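Peer 1:
2 protein chains.
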Amino acid sequence: MKTNRSPHSSIKIGILGLGTVGSAVAKVITKRPELGIKVKMGCDLRRVNVPCPLTHDPWRLINDPEIQIIVETMGGVNPAKQYVLAALKAGKHVVTSNKELIARHMAELMAAAKRHGVFVLFEGAVGGGIPILNTLRDNLFVNRIDEVYGIVNGTTNYILSKMTAEGKEFDAVLKEAQKLGYAEANPKADIEGYDASYKAAILASVAFGANVKWADVYREGIEKIVAEDIAYASEIGYVIKLLAIVKRGNGKIDVRVHPALVSKSHPLANVTANFNAIYVKGSPVGELMFYGQGAGGGPTSSAVVSDVASIAGLISCCEETCQCSGNVRSLPSVKVSPITEIENRYYIRMEAADRHGVLAGIAKAFADKKVSNAAVNQKETRGSTATIVILVHKVAEKNLVAALRAVKRLSVVRKISNVLRIL
Amino acid sequence: MKTNRSPHSSIKIGILGLGTVGSAVAKVITKRPELGIKVKMGCDLRRVNVPCPLTHDPWRLINDPEIQIIVETMGGVNPAKQYVLAALKAGKHVVTSNKELIARHMAELMAAAKRHGVFVLFEGAVGGGIPILNTLRDNLFVNRIDEVYGIVNGTTNYILSKMTAEGKEFDAVLKEAQKLGYAEANPKADIEGYDASYKAAILASVAFGANVKWADVYREGIEKIVAEDIAYASEIGYVIKLLAIVKRGNGKIDVRVHPALVSKSHPLANVTANFNAIYVKGSPVGELMFYGQGAGGGPTSSAVVSDVASIAGLISCCEETCQCSGNVRSLPSVKVSPITEIENRYYIRMEAADRHGVLAGIAKAFADKKVSNAAVNQKETRGSTATIVILVHKVAEKNLVAALRAVKRLSVVRKISNVLRIL
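Chain order of the listed sequences is V and A. Using my numbering, read the first sequence as starting at 1 and increasing by one per residue. Using my numbering, read the second sequence as starting at 1001 and increasing by one per residue.
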């Protein structure tokens, strides 16, 4: 809820890190004087073109008594963390889009903010321009949130969308994406699901009001997805997407990032290129979806500036007179289910001898471990080797793993090529 | 941004109108004591089953000095308006889901709230559980909003989705919808687009921070859509949806509700049944979409209780010490473009003699008025009458109307059966 504020006061801020997001923030604020916010100084080691005074020394911002809000858009944990902690200690509010910092150290930063009576806001850390965190916290907090899941990494979604549309292999598409600037020279953080896992930890913490440790997030990337899987999935009505999934379970929660088969009729299936989309299921609100551009200076600056302006609004209206500041509850710990306990439907692709009775043997090995097949399909045969695609009904992952171990021991089975969960 | 508040204080509220939404609100609040809100009394003329004391007399709530927030979930303008104004005058905050009241009298209610230093919040009036208004106001206000459009009426979306899926005619589907409780016995408010037009006026006012008069909203309903139009639209890759459209134009804005052809590849095309979805285009945020259940006690109560809890939070933290209360800016007036000035692409279905040269004659009549055809298609012929479907390129509506007048004068043209805009 926006509060009344005097348009005459001007709240001074400093920006640490003037890359794509930081400089977009400086530009948006400068273009909108009616927000009553002034970028007193920006800090970057590079020479950058921004409409504010510049320094190389972060401490000039942190130690400036006029600056009330520090925007941290440097990224990474070090040295961002020490600057943010110092700013909080100096009684400054902090707005950051740094998902790694928040995912790894949310509890510590929150505790510091609480101690010093200030806010730490981080809408820009998840979903770019989609106001998902503030919506969960401000507009959906009267609900019991049961599930939050979606596409939260644009780079992998671009790659998977392109592989799907053009039937190309992962390596070729990754190289194209790097050329076009959609993937980093070192693409590990995106491809291997680290970026999405940071966002999953943050989404879980905000959705459940709990301290979900990033180290507890189960993570798989998209590097093992091949064109063959995408083609087989498509035949049976699915696309493959990298999902972040957060669910309320039995006294525990379930937080994970992995590629999954998504039915073509599900709205997430049509989220392509660099778009993000996040589903929320709660009670009494039912089902919601939020869709938008998940990265980039424009969208992310909308989120960062909105956080800055919200704090500026509260400062202007409450200045010294009340205790509105400090959004920070102590977050209770929560148990995260190990991936082995989680139930899923699965897609399994394997290579086996093209011989009479092979399918029967595999089916029996599954049945012995109480894994029941939804569909078994012998695909193409190359020489004496047949590709077999199996879909199995919902089963705990540990049972599936046991069944796959038994299947692997069958002399006719040459290789289990891929195993993917189905949403 | 949620503010810190003492969990011990209990804010007392009263609920006027305990229908589907009002009683869901009472139940959600009673189930969530940690919100620190208490329903002191509800008012309804009927006997209803709610977990709070009941009265038939609204003035008992309005005159109760302990009650700080009035929830108005009666619907309709009279007598809701006099109760809301009296509550504001008595210094009570008001939360309402009454779209007709807000659409018709927003400026007057806002002025009264400003005068008495209180809030009027109405998230529940648009999009049910989708927090679209608070998101526009709290999280996207740093953007220049250029466009807001979407599906905001569940009844008409149910009917159109059903006509599309089953090829049935409007009357048959309406009767089914009435039997199932998806349409009212008197369906006029939904079918003729009144409900959507209230929401369009509210969306425009909030998106543009302006006083958009409901009377200026252009409105067409879905009663003229026949199965034939849906089938022809489908052939060329479109579905028909009732849309609310709000756009920033040249010093004016464009606010309208009408059925429109939507490309099957547009995410709105897959929004079916009673779901709502609202697109927002702004700068720097880019494109966003918000999707969810647009009506019903559960979703709408999420919105209403969230508004109540936001106000309760501010009361608890600021009580008498600051001027946070009163969200109310004076809304500047804004000019609304007449529909005749607005440019669209169009779908036109007509009946003409099945005779040589007919298409050429029609094409010439269009060209004379500078309306250019994107596609002309002679569909089936019944006896001597042919059905012709024409798509025209973007053109101002007044030019199209002039062209259609000329076409109508052609002796070979028997009837212009339908004209629909294309999104």
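From the three backbone atoms N, C-alpha and C, an ideal C-beta is built for every residue, glycine too. All values reported here derive from a predicted model rather than from experimental measurement.
Counting contacts by CB-CB distance shorter than 9 Å, is Glu1287 of chain A in contact with chain V?
Peer 2: yes
Peer 1: DSSP on Gly1326 of chain A, reduced to helix/strand/coil?
Peer 2: Its pLDDT being 48, under 50, Gly1326 of chain A is placed unreliably by the model, and nothing is read from it.
Peer 1: Could you tell me whether the Cβ of Gln68 of chain V comes closer than 9 Å to any Cβ of chain A?
Peer 2: No, because no Cβ of chain A sits closer than 9 Å to the Cβ of Gln68 of chain V.
Peer 1: Which stretch, first to last residue, makes up the alpha helix (DSSP H) that contains Thr1073 of chain A?
Peer 2: Unbroken run through Thr1073 of chain A: none, as it is neither H nor E.
Peer 1: Can you check which of these residues, V:Gly298, V:Arg46 and V:Leu18, is closest to Pro1284 of chain A by C-alpha distance?
Peer 2: V:Gly298
Peer 1: Got a sec? Which residues, its chain only, sit under 7 Å from Arg137 of chain V by beta carbon, not counting five neighbours each side?
Peer 2: Val206
Peer 1: By a C-beta neighbour count over all protein chains shown, 10 Å radius and 16 as the cutoff for buried, is Thr387 of chain V buried or exposed?
Peer 2: buried
Peer 1: Identify the contact partners of Val1095 of chain A in chain V, using a Cβ-Cβ distance below 8 Å as the criterion.
Peer 2: Those within 8 Å of Val1095 of chain A in chain V number zero; the least Cβ separation is about 11 Å.
Peer 1: Return the CA-CA distance between Thr1340 of chain A and Ala1403 of chain A, expressed in angstroms with no decimal places.
Peer 2: 13 Å
Peer 1: Within 9 Å (strictly less), CB to CB, does Thr1073 of chain A reach chain V?
Peer 2: Closer than 9 Å: no.
Peer 1: Val1308 of chain A by DSSP, collapsed to three states: which one?
Peer 2: In this structure, Val1308 of chain A counts as helix in the three-state DSSP scheme.
Peer 1: Please list the partners that Ile130 of chain V has in chain A, where partner means a Cβ-to-Cβ separation under 7 Å.
Peer 2: Leu1288
Peer 1: Grouping DSSP H, G and I as helix and E and B as strand, with all else coil, what is Asn139 of chain V?
Peer 2: Three-state result, Asn139 of chain V: helix.
Peer 1: When we look at the beta-carbon of Thr1381 of chain A and count the other beta-carbons within 10 Å, is it buried (16 or more) or exposed?
Peer 2: exposed
Peer 1: Closest to Gly1075 of chain A by C-alpha separation, out of A:Thr1055, A:Ala1103, A:Asn1063 and A:Ile1067, would be which residue?
Peer 2: A:Ala1103
Peer 1: Give me the chain A residues within the contact set of Gly298 of chain V, using Cβ-Cβ distance strictly less than 8 Å, ordered along the chain.
Peer 2: Ser1283, Pro1284, Val1285 and Gly1286
Peer 1: Take the Cβ of Asp1368 of chain A as the centre, count every other Cβ of all protein chains shown within 10 Å, and call the residue buried at 16 or more, exposed below.
Peer 2: exposed
Peer 1: Would His1093 of chain A be called buried (16 or more neighbouring beta carbons within 10 Å of its own) or exposed?
Peer 2: buried
Peer 1: Rounded to whole angstroms, what is the Cα-Cα separation between Leu45 of chain V and Pro58 of chain V?
Peer 2: 10 Å
Peer 1: Is DSSP giving Glu1287 of chain A helix, strand or coil here?
Peer 2: strand
Peer 1: Would you mind reading off the limits of the beta strand (DSSP E) that contains Val1226 of chain A?
Peer 2: Careful: Val1226 of chain A lies outside any beta strand (DSSP E) and carries neither H nor E.
Peer 1: How about Leu1243 of chain A and Gly1150 of chain A: are their beta carbons less than 9 Å apart?
Peer 2: yes
Peer 1: Using the C-alpha atoms, what's the distance from Val84 of chain V back to Val118 of chain V?
Peer 2: 12 Å
Peer 1: How far does the beta strand (DSSP E) with Asn1373 of chain A in it extend, from its first residue to its last?
Peer 2: Unbroken beta strand (DSSP E) run through Asn1373 of chain A: Asn1373 to Arg1382.
Peer 1: Check whether chain V comes within 9 Å of Val1126 of chain A, counting only Cβ atoms and requiring the distance to be less than that.
Peer 2: no
Peer 1: Restricting to Cα atoms, I'd like to know which of V:Phe170, V:Tyr346 and V:Ala200 is closest to Asn153 of chain V.
Peer 2: Answer by Cα proximity: V:Ala200.
Peer 1: Among A:Pro1053, A:Arg1032, A:Leu1140 and A:Thr1385, which has the Cα closest to the Cα of Met1041 of chain A?
Peer 2: For the options A:Pro1053, A:Arg1032, A:Leu1140 and A:Thr1385, the alpha carbon positioned closest to that of Met1041 of chain A is the one of A:Pro1053.
Peer 1: Nearest to Thr1156 of chain A by alpha carbon, out of A:Val1048, A:Glu1220 and A:Val1395?
Peer 2: A:Glu1220
Peer 1: Run through DSSP, which three-state label would Asn1211 of chain A get?
Peer 2: Strand at Asn1211 of chain A.
Peer 1: Would you say Ala1375 of chain A and Ile1230 of chain A are within 9 Å of each other, going by their C-beta atoms?
Peer 2: no
Peer 1: Suppose contacts are defined by Cβ-Cβ distances below 9 Å. Is Tyr1291 of chain A in contact with Ile1130 of chain A by that definition?
Peer 2: yes
Peer 1: For the segment 1242-1257 of chain A against the segment 1206-1218 of chain A, do three or more pairs of beta-carbon atoms, one drawn from each stretch, fall closer than 8 Å, so that the two count as touching?
Peer 2: yes
Peer 1: Should Asn250 of chain V go down as buried or exposed, given a rule of 16 or more other Cβ atoms within 10 Å for buried?
Peer 2: exposed
Peer 1: Would you call the segment 416-423 of chain V in contact with the segment 1268-1286 of chain A, where contact means no fewer than 3 C-beta pairs closer than 8 Å?
Peer 2: no
Peer 1: What are the complete beta strand (DSSP E) segments, minimum 3 residues, inside the segment 124-210 of chain V?
Peer 2: 144-151
Peer 1: Reducing DSSP to helix, strand and coil, say where Lys1429 of chain A ends up.
Peer 2: Coverage of chain A is limited to positions 1001 through 1423, which leaves residue 1429 of chain A absent and any answer about it impossible.
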